[in-house]
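Going letter by letter, the sequence shown gives residues 77 to 380 in the working numbering.
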Amino acid sequence: MSTTIKQLRAFVAVATTHSLAEASAQLHVSQPAISIAIRSLEESLGGTLFSRDGRQLVLTPEGAAFVERAQQLLHNWDNTLDAVQQRFRLQQGQLSIAAIPAFALNHMPELLREFHQRYPDINIVLEDIVMERVISAVQEGRAELGFSFRPDDLGSLTFNPIGDDRFVAVLPKGHPLENNDLVRWQDLAREPFIAMNRGSAVRRWTDAAFSQSGAAGDAAPRLLCEAYQLSTIGRLVKSGLGVSAAPSLCIGQMQSYGLVCKPLAEPVVCHPVGILAREVGALSAPAQAFVSIALSEHQRPSAD
Numbered sequence: 077m078s079t080t081i082k083q084l085r086a087f088v089a090v091a092t093t094h095s096l097a098e099a100s101a102q103l104h105v106s107q108p109a110i111s112i113a114i115r116s117l118e119e120s121l122g123g124t125l126f127s128r129d130g131r132q133l134v135l136t137p138e139g140a141a142f143v144e145r146a147q148q149l150l151h152n153w154d155n156t157l158d159a160v161q162q163r164f165r166l167q168q169g170q171l172s173i174a175a176i177p178a179f180a181l182n183h184m185p186e187l188l189r190e191f192h193q194r195y196p197d198i199n200i201v202l203e204d205i206v207m208e209r210v211i212s213a214v215q216e217g218r219a220e221l222g223f224s225f226r227p228d229d230l231g232s233l234t235f236n237p238i239g240d241d242r243f244v245a246v247l248p249k250g251h252p253l254e255n256n257d258l259v260r261w262q263d264l265a266r267e268p269f270i271a272m273n274r275g276s277a278v279r280r281w282t283d284a285a286f287s288q289s290g291a292a293g294d295a296a297p298r299l300l301c302e303a304y305q306l307s308t309i310g311r312l313v314k315s316g317l318g319v320s321a322a323p324s325l326c327i328g329q330m331q332s333y334g335l336v337c338k339p340l341a342e343p344v345v346c347h348p349v350g351i352l353a354r355e356v357g358a359l360s361a362p363a364q365a366f367v368s369i370a371l372s373e374h375q376r377p378s379a380d
């Protein structure tokens with residue numbers, strides 16, 4: 077027979093009050109229920125915990141040896157319950173997030189500010205890493221949520237879209253293409269082009285766009301250099317070395333460098349951006365709250 081928390085509470089209450097009546101009033105339980113709990117506990121332990129001294133119940137030597145441990149067990153149990161309840165009430169806890177740098181730099185600060193205003197006691201661990209590492213961080217459980225473009229193969233992950241991202245041309249101020257309403261990929265192919273590193277999703281998409289536009293052979297883009305970060309590409313364009321293409325996630329960042337961003341067409345390159353999570357297991361309360369904020373932020377009408 078296993079010992080229950082109710083039995084331990086009954087035992088400690090009687091041990092401290094020396095009275096079934098007082099223990100009953102303290103726990104808001106009937107005296108017969110207290111008696112049954114004590115008897116069941118004694119049967120489980122294999123001996124008596126109380127002897128009667130007149131009208132009082134007195135601990136046996138075994139009962140006296142057990143009472144301090146029972147109090148500690150109840151204390152630990154109550155603390156554990158309180159800690160879990162605080163997590164559900166979002167009064168404590170930690171949330172690990174992985175995000176592609178473009179999202180982390182340009183959109184995450186607003187989400188984090190709103191989340192912190194609502195839930196100031198939740199600690200956030202944010203890792204801004206390339207898309208491929210965001211995917212592995214979520215798959216391996218190092219991050220509970222990932223913010224990224226939708227992977228070609230989700231595998232064991234779920235993807236909750238929060239928007240579509242259309243690629244834009246990134247031009248230095250005063251460039252001849254600045255006055256165009258939109259820029260074609262073939263237009264960029266005639267300029268020194270600064271690309272993302274080979275193997276990255278952005279590089280695969282830009283290479284495919286140039287190919288679809290007919291920019292091949294002698295008309296292939298004039299690749300000037302490659303970089304591993306879109307922020308580096310922005311700085312290189314600002315220096316006048318060439319032009320580039322980037323997700324519209326980066327428009328605010330590129331404009332802060334003094335660069336011009338124009339919609340790209342022929343073809344239009346558009347990819348969904350969203351939230352990655354593991355398919356197995358429920359999200360923690362902090363993660364659910366963060367997802368809710370991210371989705372509501374996306375649905376909120378633009379100030380423009």
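Idealized CB from N, CA, C, for every residue including glycine.
- The alpha-carbon separation between Asn155 and Thr124 amounts to approximately 29 Å.
- For Asp204, the secondary structure class from DSSP, reduced to helix, strand or coil, is strand.
- The beta carbons of Val313 and Leu299 sit no closer together than 8 Å.
- DSSP, reduced to helix, strand and coil, places Pro248 outside both helices and strands of the structure shown, so it counts as coil.
- Cβ-Cβ separation between Ala101 and Leu233: approximately 55 Å, too far for a contact (criterion under 8 Å).
- Looking at Leu359, Phe179 and Arg274, the one whose alpha-carbon comes closest to that of Phe223 is Phe179.
- In this structure Gly139 is in contact with Ala91, their Cβ atoms being roughly 7 Å apart against a cut-off of 8 Å.
- Residue environment for Ala284: exposed (fewer than 16 other C-beta atoms within 10 angstroms of its C-beta).
- Within the DSSP bridge table, the entry for Asn199 names Gln170 as partners.
- When rounded, the separation of the alpha-carbon atoms in Ile114 and Ala86 is 7 Å.
- About 34 Å separates the beta carbons of Asp197 and Ser324, which is beyond the 8 Å limit, so they are not a contact pair.
- Excluding five sequence positions before and after Leu202, the CB atoms of its chain that fall closer than 6 Å to its own CB belong to Ile173, given in chain order.
- Between the segment 317-333 and the segment 242-257 there are three or more C-beta pairs closer than 8 Å, enough to call the two in contact.
- Of the residues Glu342, Leu359 and Leu103, the one whose Cα lies closest to the Cα of Ala265 is Glu342.
- Of the candidates Leu84, His192, Leu149 and Arg128, the residue whose Cα lies closest to the Cα of Phe366 is His192.
- Under the three-state reduction of DSSP output, Val344 falls in the coil class, being neither helix nor strand.
- Counting only runs of 3+ residues, the beta strand (DSSP E) found wholly inside the segment 225-292 occupies 233-242, 244-247 and 268-272, in chain order.
- Counted as a single uninterrupted DSSP element, the beta strand (DSSP E) harbouring Leu133 occupies residues Gln132 to Leu135.
- Taking C-beta atoms as the reference points, Glu220 and Leu359 count as a pair closer than 8 Å.
- In this structure, DSSP gives Glu119 a helical state, which the three-state scheme calls helix.
- Cβ-Cβ distances below 7 Å link Thr79 to Leu117 and Ser120 in the same chain, with the five nearest sequence neighbours on each side left out; the list follows chain order.
- Between Arg260 and Ile270, the alpha-carbon positions lie close to 16 Å from each other.
- Within the same chain, and ignoring the five residues on either side of Gly290 in sequence, the residues whose Cβ sits closer than 8 Å to its Cβ are Gln262.
- With contacts defined as CB atoms closer than 8 Å, Ser307 and Pro185 fail to qualify as a contacting pair.
- In the three-state scheme derived from DSSP, where H, G and I count as helix and E and B as strand, Glu220 is classed as coil.
- Here Glu216 is exposed: its Cβ has fewer than 16 other Cβ atoms, across all protein chains shown, within 10 Å.
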